[in-house]
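Numbering that gives the first Met the number 0 applies: residue 0 is where the sequence shown begins, and numbers increase by one.
First the structure, in the form of structure tokens, and then the observations on it.
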Amino acid sequence: MHCPKAFRDPPTALWLAAALAALLTASLPATRVRAQTAESVAEAVEDSVRTKAGTTFHGKIVSEDGEKVVIETRSGRVEIPRVVVEEIRKAGIDYRAASEKIDVPQIRPEEAPEYVKKARTHADKGEMKQAAAICEGLLGLPGGTLSSDQRVQVGTTMGEAYFELKDWPAAARGMRKAAVAVTVETDRDRMLAVAEALEAHQVPSIGGQSVENFAQAQQAAMKWKAGEIFNYAKQYVDETKEINRRSSIERAMEVSRIRLARSETYVPGYSIVRAPDLAKAMVDRLMDAVGKAQAHLVERRKELVRGYVGGVTTRERAELWNKDCQIYLDILEGAAGCLNNVRYLGEQYPDAGFFDAKAHEQQKQTVYDLQFYESDISIGGRRIELKGKKIALMKIGGN
């Protein structure tokens with residue numbers, strides 16, 4: 000074959016849709032949080048219904064069922080389909096977060112050790128509001144009042160208390176307070192992972208796993224964080240260029256495995272289990288590129304034949320035809336390189352199950368056959384035998 004050039008999988012419009020969707024969805028939560036903050040400073044004085052688009056209707060709710068919510072506003076009655084309802088608030092109910100409603104006790108520095116024990120005792124008894132209040136008071140003391148171990152205990156107790164009170168941001172704040180006081184890096188990272196998980200989900204479910212208590216939340220957070228690290232590692236695989244080159248594949252797998260190794264802090268053994276999935280993700284990219292290249296080559300080969308039929312009668316036409324032919328050969332070389340890399344990854348992970356040697360050989364043969372013309376052609380009543388002839392650049396006089 001001709002000397003290879005950089006081969007990139009043909010672009011599609013999918014990335015644009017994905018990027019736009021990500022941008023839109025990323026902007027929604029902030030809008031909703033701002034709306035909640037503005038309305039949660041005190042108990043509701045009248046009923047309100049907020050839609051997923053962020054519009055809030057105030058008045059008195061007349062009726063609500065599985066299909067719609069009807070609210071009587073100052074401007075008239077409004078019927079809101081249930082599927083677009085984001086939140087309903089009733090008059091007279093205090094919707095403030097738990098952290099906004101507690102009474103923080105005044106604690107003297109010399110009383111701190113006693114209150115550290117009290118906070119834990121309240122939490123063990125299920126008296127989470129009292130536990131959270133004491134923790135807030137303790138963490139508000141001057142720096143140095145609490146030892147590192149005490150700050151860790153108070154922070155984790157605060158996280159547990161607020162979790163049970165369903166105040167996820169405050170629970171995350173407690174875990175961050177604890178993490179700051181930890182000296183062991185792995186412990187600090189694990190505590191921060193719990194905080195991140197609570198902030199990211201804001202619901203009693205983490206990474207698709209339902210959690211009923213703080214211990215379950217901590218365990219789910221570890222799995223969620225490991226999954227986030229896998230996604231970060233896979234990002235490098237997804238963004239690697241020139242995937243027909245062996246050096247690009249080797250570099251991609253090395254960097255992605257290094258990134259994935261961080262997951263061991265959260266779920267021991269995770270990186271070993273998921274490493275083959277990174278290779279499979281790369282194989283999927285390679286095979287997608289081969290499929291697109293193959294479809295493109297089939298059509299381009301027809302164009303090369305039509306060039307013959309049209310008559311390459313001048314040097315200028317011959318040079319133009321050669322340019323088209325060179326593009327064809329470059330894409331063909333790239334497709335072959337991608338297939339070679341598929342086999343390479345299959346050999347690196349023989350037990351992963353994503354490499355089928357028989358199917359691979361069939362695909363390789365299909366690409367190999369694209370080196371040759373598919374059929375003969377006729378020009379001016381003269382038959383030119385091309386079938387089975389290797390596609391190559393024309394020799395132009397003087398070259």
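Even glycine gets a Cβ: it sits at the ideal position worked out from N, Cα and C.
All of these numbers come straight from a predicted model, not from anything done at the bench.
Residue 388 versus 300, 190 and 55, residue with shortest Cα-Cα distance: Numbered from its first residue, the sequence shown carries residue 388 at position 389. Of 300, 190 and 55, the residue nearest in Cα terms is 300.
Simplified DSSP state of residue 394, which is helix, strand or coil: In the sequence shown, the residue the question calls residue 394 occupies position 395. Three-state DSSP puts residue 394 in coil, outside helix and strand.
6 Å Cβ shell around residue 47 - same chain, five flanking residues per side excluded: Along the sequence shown, read from residue 1 onward, the residue named residue 47 stands at position 48. Within the same chain, residue 47 has close Cβ partners 55, 57 and 88.
Assumed close pair residue 273, residue 229 - CB separation to whole angstroms, cut-off 8 Å: Here residue 273 is taken as the residue at index 274 of the sequence shown, counted from 1. Here residue 229 is taken as the residue at index 230 of the sequence shown, counted from 1. Confirmed, about 5 Å.
Residue interval of the alpha helix (DSSP H) (run including residue 62): Position 63 of the sequence shown, counted from the start, is the residue given in the question as residue 62. Counting along the chain, no alpha helix (DSSP H) covers residue 62; the unbroken beta strand (DSSP E) around it starts and ends at 55-63.
Residues near residue 247 in its chain [Cβ-Cβ closer than 8 Å; skip 5 each side]: If you number the sequence shown from 1, residue 247 lands on position 248. Within the same chain, 239, 240 and 241 come within 8 Å of residue 247 by CB-CB distance, once the 5 residues on both sides are set aside.
Which residues DSSP lists as bridging residue 78, in chain order: Here the question's residue 78 lines up with position 79 in the sequence shown. Bridge partners of residue 78: 69.
For residue 88, the first and last residue of its enclosing beta strand (DSSP E): Along the sequence shown, one-based indexing puts residue 88 at 89. Counting along the chain, the beta strand (DSSP E) containing residue 88 begins and ends at 84-88.
Backbone secondary structure at residue 348 - three-state DSSP: By 1-based counting over the sequence shown, the position of residue 348 is 349. Per DSSP, reduced to three states, the secondary structure at residue 348 is coil, with no helix or strand assignment.
Between the CA atoms of residue 65 and residue 207 - distance to the nearest angstrom: Mapped onto the sequence shown, residue 207 falls at position 208. Mapped onto the sequence shown, residue 65 falls at position 66. Their backbone Cα atoms lie some 25 Å apart in a straight line.
N-terminal and C-terminal residue of the alpha helix (DSSP H) that residue 428 is part of: Nothing about residue 428 can be reported from this structure: the residues present for the chain run from 0 to 398 only.
Opening and closing residue of the alpha helix (DSSP H) in which residue 153 lies: Your numbering for residue 153 matches position 154 in the sequence shown. That run of the alpha helix (DSSP H) goes 147-163.
Opposing strand residues paired with residue 389 [DSSP bridges]: Taking the sequence shown and counting its residues from 1, the one referred to as residue 389 is at position 390. DSSP, once it has assigned bridges, lists 371 as partnering residue 389.
Identified DSSP bridge partners for residue 48: Reading the sequence shown from its first residue, position 49 is the one you call residue 48. Residue 48 pairs with 56 and 87.
Residue 390 beta carbon less than 8 Å from that of residue 367: Residue mapping note: residue 367 aligns to position 368 of the sequence shown, counting from 1. Residue mapping note: residue 390 aligns to position 391 of the sequence shown, counting from 1. Contact: no.
Meets three-Cβ-pair contact criterion under 8 Å: the segment 352-362 and the segment 253-273: no
Every unbroken alpha helix (DSSP H) inside the segment 85-145 [4 residues or more]: 97-100, 111-123 and 127-138
The segment 186-199 / the segment 130-145 touching (three or more Cβ pairs under 8 Å): In short, these stretches do not touch, since the Cβ pair count stays below three.
Three CB pairs or more closer than 8 Å across the segment 112-121 and the segment 146-154: yes
Close beta carbons around residue 0, own chain, < 8 Å, minus the five adjacent residues each side: Here residue 0 corresponds to residue number 1 of the sequence shown, with the count starting at 1. Bear in mind that a pLDDT of 43 at residue 0, under 50, signals an unreliable position, so the number given afterwards is only what the model happens to contain. Residues of the same chain with a CB within less than 8 Å of the CB of residue 0, apart from the 5 flanking positions on each side, are 328, 331, 332, 335 and 370 in chain order.
Endpoints, alpha helix (DSSP H) assigned at residue 237: For this step, residue 237 is matched to residue 238 along the sequence shown. 213-238 is the extent of the alpha helix (DSSP H) around residue 237.
With 16 other Cβ atoms within 10 Å as the buried cut-off, status of residue 357: Here residue 357 is taken as the residue at index 358 of the sequence shown, counted from 1. By the 10 Å Cβ count, residue 357 comes out exposed.
Distance, residue 304 Cα to residue 346 Cα: Within the sequence shown, numbered from 1, the residue matching residue 346 stands at position 347. Within the sequence shown, numbered from 1, the residue matching residue 304 stands at position 305. Rounded to whole angstroms, residue 346 to residue 304 spans 38 Å at the Cα level.
Beta-carbon gap between residue 279 and residue 351 smaller than 8 Å: For the purposes of this step, residue 279 is taken as residue 280 along the sequence shown, with counting starting at 1. For the purposes of this step, residue 351 is taken as residue 352 along the sequence shown, with counting starting at 1. Result yes, Cβ atoms of residue 279 and residue 351 sit closer than 8 Å.
Classification of residue 340 by the beta-carbon crowding that lies within 10 angstroms, buried from 16 upward: Your numbering for residue 340 matches position 341 in the sequence shown. By the 10 Å Cβ count, residue 340 comes out buried.
Boundaries of the alpha helix (DSSP H) in which residue 186 is found, first to last residue: Position 187 of the sequence shown, counted from the start, is the residue given in the question as residue 186. Start and end: 184-200.
Short Cβ contact (8 Å threshold) for residue 281 with residue 344: For the purposes of this step, residue 281 is taken as the residue at position 282 of the sequence shown. For the purposes of this step, residue 344 is taken as the residue at position 345 of the sequence shown. Taking 8 Å as the Cβ cut-off, residue 281 and residue 344 qualify as a contacting pair.
Neighbourhood of residue 159 by C-beta, 7 Å cutoff - its chain only, sequence neighbours within 5 removed: Here residue 159 is taken as the residue at index 160 of the sequence shown, counted from 1. If we look at residue 159 and ignore the five residues flanking it on each side, its Cβ neighbours are 122 and 213.
Assigned secondary structure, residue 382 (DSSP; H/G/I helix, E/B strand, else coil): The residue you call residue 382 lines up with position 383 of the sequence shown. The answer is strand: DSSP assigns residue 382 an E or B state.
Whether residue 71 touches residue 59 by CB criterion (8 Å): Start at 1 with the first residue of the sequence shown, and residue 71 comes out as number 72. Start at 1 with the first residue of the sequence shown, and residue 59 comes out as number 60. Contact flag set, yes.
For residue 466, the three-state DSSP class (helix, strand or coil): With the chain covering 0 to 398 only, the question about residue 466 has no answer from this structure.
Among 297, 90 and 148, nearest to residue 181 - alpha-carbon criterion: Here residue 181 is taken as the residue at index 182 of the sequence shown, counted from 1. It is 148 whose Cα lies nearest to the Cα of residue 181.
Beta-carbon separation (whole angstroms), residue 275 vs residue 348, contact threshold 8 Å: Your numbering for residue 275 matches position 276 in the sequence shown. Your numbering for residue 348 matches position 349 in the sequence shown. Contact flag correct, Cβ pair sits at about 5 Å.
Close beta carbons around residue 243, own chain, < 6 Å, minus the five adjacent residues each side: Working through the sequence shown from its first residue, we reach residue 243 at position 244. Excluding positions up to five away in sequence, the list reads 6, 333, 336 and 337.
Beta-carbon proximity list for residue 101, same chain, < 7 Å, skipping 5 on both sides: Translated into positions along the sequence shown, residue 101 becomes position 102. 128, 131, 132 and 135.
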